[in-house]
Amino acid sequence: NSFCTLLRKNFAAMAEEEIVKIKKLAIDGDTAPLNAPLGINMEYELVKPVAGACWELIYEADMANKRQAVALHTSAPVDLAAGVHTFQHVAPEVKTEGIKEKYLLQVGLLKLTLHGHENPNIVSVNMVTQVSKTADGLVRSIMNPADE
Numbered sequence: 001n002s003f004c005t006l007l008r009k010n011f012a013a014m015a016e017e018e019i020v021k022i023k024k025l026a027i028d029g030d031t032a033p034l035n036a037p038l039g040i041n042m043e044y045e046l047v048k049p050v051a052g053a054c055w056e057l058i059y060e061a062d063m064a065n066k067r068q069a070v071a072l073h074t075s076a077p078v079d080l081a082a083g084v085h086t087f088q089h090v091a092p093e094v095k096t097e098g099i100k101e102k103y104l105l106q107v108g109l110l111k112l113t114l115h116g117h118e119n120p121n122i123v124s125v126n127m128v129t130q131v132s133k134t135a136d137g138l139v140r141s142i143m144n145p146a147d148e
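Heads up: the sequence shown begins at 1 in the UniProt record's numbering, then just goes up one per residue.
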């Protein structure tokens, strides 16, 4: 479908980024209760070093064309050499208190963004999320842009 094609093109564009090449991306908890633990495991290659590199993981709920961001993790800044690296993190829960259910049920975005000391927003790995209401509560489905 065209939505999946768009995701693949977005991932391909990210993979062509001059500084970062995403090699592998795994999402643990991609289909789970909304507030369940969420794990991200990514392998990436830096074409050149990044000073003060840190990864930021946020969940954005759509609120009538505005976004409400929920910070899930920010790694400590480190200097990264060119070459292959990994990012691994498990968020113990996705906290969505204060966001109305009707907004959570809109399409959202899980964003993993690499920032550098001198270059914020080097690359952002965007994972589209859809939340649905079931008899057991709200359930998230996260689309992995690396899946074909």
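Yeah, the Cβ is synthetic: ideal placement off N, Cα and C, and Gly gets one too.
Residue i to residue j span [Cα, whole Å]
i: A146; j: I40; result: 13 Å
i: L38; j: E60; result: 15 Å
i: M42; j: A135; result: 33 Å
i: residue 150; j: E45; result: The question about residue 150 has no answer, for the chain in this structure spans 1 to 148.
i: A26; j: L109; result: 16 Å
i: V78; j: E18; result: 20 Å
i: D62; j: L34; result: 15 Å
i: F87; j: K24; result: 10 Å
i: H117; j: G29; result: 31 Å
i: W55; j: M143; result: 20 Å
Residue closest to residue i, alpha-carbon to alpha-carbon, out of the options
i: V125; options: A91, F87, K111, Q106; result: K111
i: I58; options: Y103, A91, A26, P120; result: A91
i: M127; options: K133, T86, R140, G98; result: R140
i: P120; options: Y44, V50, A81, E97; result: V50
i: V131; options: K24, K23, T31; result: T31
i: E97; options: L138, F87, K24; result: L138
i: residue 151; options: K100, K24, I122; result: Here the chain covers residues 1 to 148 and nothing more, so residue 151 does not appear.
i: Y103; options: G116, A76, T129, E118; result: T129
Distance CB(residue i)-CB(residue j) smaller than 8 Å
i: K66; j: L105; result: no
i: A36; j: L114; result: no
i: H89; j: H73; result: yes
i: A82; j: V47; result: yes
Beta-carbon separation (whole angstroms), residue i vs residue j, contact threshold 8 Å
i: residue 221; j: V107; result: Limits of the chain in this structure are 1 at one end and 148 at the other, which puts residue 221 out of reach.
- Task: With a floor of 4 residues, list each alpha helix (DSSP H) that falls wholly inside the stretch 37–121, ordered by position along the chain.
- Result: 101–104
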